[in-house]
Structures are given as C-alpha cells and as structure tokens.
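Everything on this sheet refers to the single structure shown next.
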Amino acid sequence: MANLVVHFEIHASEPQRLIDFYSELLGWEFTQFGDIPYWSIVTGEGAIGNTAGEPGLGINGGLTQRMGPKPEAGAPVNGCNIVIGVDDVDALMRRGLELGGTEALPADDMQGVGRVGYLLDPDGNVFGLISPVMSDGSRAM
Numbered sequence: 154m155a156n157l158v159v160h161f162e163i164h165a166s167e168p169q170r171l172i173d174f175y176s177e178l179l180g181w182e183f184t185q186f187g188d189i190p191y192w193s194i195v196t197g198e199g200a201i202g203n204t205a206g207e208p209g210l211g212i213n214g215g216l217t218q219r220m221g222p223k224p225e226a227g228a229p230v231n232g233c234n235i236v237i238g239v240d241d242v243d244a245l246m247r248r249g250l251e252l253g254g255t256e257a258l259p260a261d262d263m264q265g266v267g268r269v270g271y272l273l274d275p276d277g278n279v280f281g282l283i284s285p286v287m288s289d290g291s292r293a294m
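Residue numbering for the sequence shown follows my numbering, beginning at 154 and increasing consecutively.
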C-alpha cells in the first residue's frame with residue numbers, strides 16, 4: 154500500500170438531508186449499514202471499490218451521524234475536506250445553491266490547476282469542486 158487516501162467520511166446532523174443533497178447534486182448512491190447511523194457512499198464508476206488501495210480514478214466514502222453541533226457559519230475548517238473532480242464547476246455550484254448549499258469560495262480559475270470552487274453543504278461541511286477546464290474553455294493541465 155502506498156499511503157493512498159481510500160475512503161472519506163461526511164458527518165451529518167440530519168443524515169437524510171445530506172443524503173438527498175449529495176444524491177441530487179452529484180448522483181452519489183447511499184446504502185445504510187443495518188440499523189446503525191452509517192451509510193456507505195458509492196461515488197461512481199472508476200472509484201476504488203474497497204480499502205485495499207486498488208488503482209482507480211476516485212474513492213468511495215461514508216456518511217455518519219454527527220456527534221455534536223454542526224459547524225458555525227464562518228468557522229474555520231476542523232478536520233479535512235474533500236475536493237470532487239467534475240465536468241462543470243459553475244453549473245454544479247449553481248445547482249448546489251439551489252439544493253440548499255452555501256457558497257464558501259466562489260468558482261475561480263487557478264493557473265496550472267483548473268477551475269475551483271467551494272460549497273458548504275446544508276449541514277455546514279465544506280467541499281470543493283474542481284475541473285481542469287478553465288472558464289475560457291482552455292485546459293489548465
């Protein structure tokens with residue numbers, strides 16, 4: 154194993170609200186483990202299928218019941234966030250706002266990186282959206 158990140162977890166005060174948000178925004182599939190407040194997340198074709206670190210284009214994750222209050226608006230990130238590779242950052246930023254998310258950092262072109270924007274989901278978790286395609290249609294990489 155090469156110290157690869159192979160799984161992520163999202164904490165939710167209201168799990169169903171975030172399941173609906175990410176399902177609608179990104180097409181992720183959620184499956185609850187029995188009666189416990191934990192759902193596996195399948196992010197899509199090409200993701201690493203297990204924690205063995207098999208090569209893939211992305212990773213899958215989980216959603217769990219938050220043990221405490223959700224982050225305050227404007228609070229610094231406590232932990233780490235995820236960044237999701239997408240085809241159209243601007244369209245998904247708009248759709249995320251329609252679904253109840255909040256803009257954390259507006260979409261912007263970053264030379265050598267691509268177009269990047271950050272949202273807060275309805276429970277205050279920050280996540281990024283990134284595409285190698287800049288706003289003018291050129292590729293950053």
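Beta carbons are placed, not taken as given, at the ideal position from N, Cα and C, and that holds for glycine. Because the structure is a prediction, the values reported are computed rather than measured.
What is the rounded straight-line gap between the Cα of residue i and the Cα of residue j?
| i | j | result |
| --- | --- | --- |
| residue 100 | residue 214 | Residue 100 is absent from the structure shown; the chain starts at 154 and stops at 294. |
| residue 287 | residue 266 | 9 Å |
| residue 187 | residue 193 | 11 Å |
| residue 277 | residue 179 | 17 Å |
| residue 261 | residue 219 | 31 Å |
| residue 227 | residue 274 | 13 Å |
| residue 269 | residue 290 | 14 Å |
By DSSP's criteria, residue i is part of a beta bridge. Which residues make up the other side?
| i | result |
| --- | --- |
| residue 175 | Residue 175 pairs with nothing; no bridge assigned. |
| residue 256 | 272 |
Using a threshold of 8 Å, state whether the C-beta atoms of residue i and residue j are closer than that.
| i | j | result |
| --- | --- | --- |
| residue 216 | residue 259 | no |
| residue 238 | residue 283 | yes |
| residue 245 | residue 256 | no |
| residue 235 | residue 280 | yes |
| residue 222 | residue 231 | no |
| residue 212 | residue 164 | no |
Looking at C-alpha atoms only, which residue of the options is the closest neighbour of residue i?
| i | options | result |
| --- | --- | --- |
| residue 177 | 248, 228, 162, 230 | 248 |
| residue 181 | 157, 220, 263, 199 | 199 |
| residue 172 | 252, 229, 263 | 252 |
| residue 158 | 210, 242, 224 | 210 |
**Asked** Mind pulling the alpha helix (DSSP H) runs of 4 or more residues that sit fully within the region 204–248?
**Response** none
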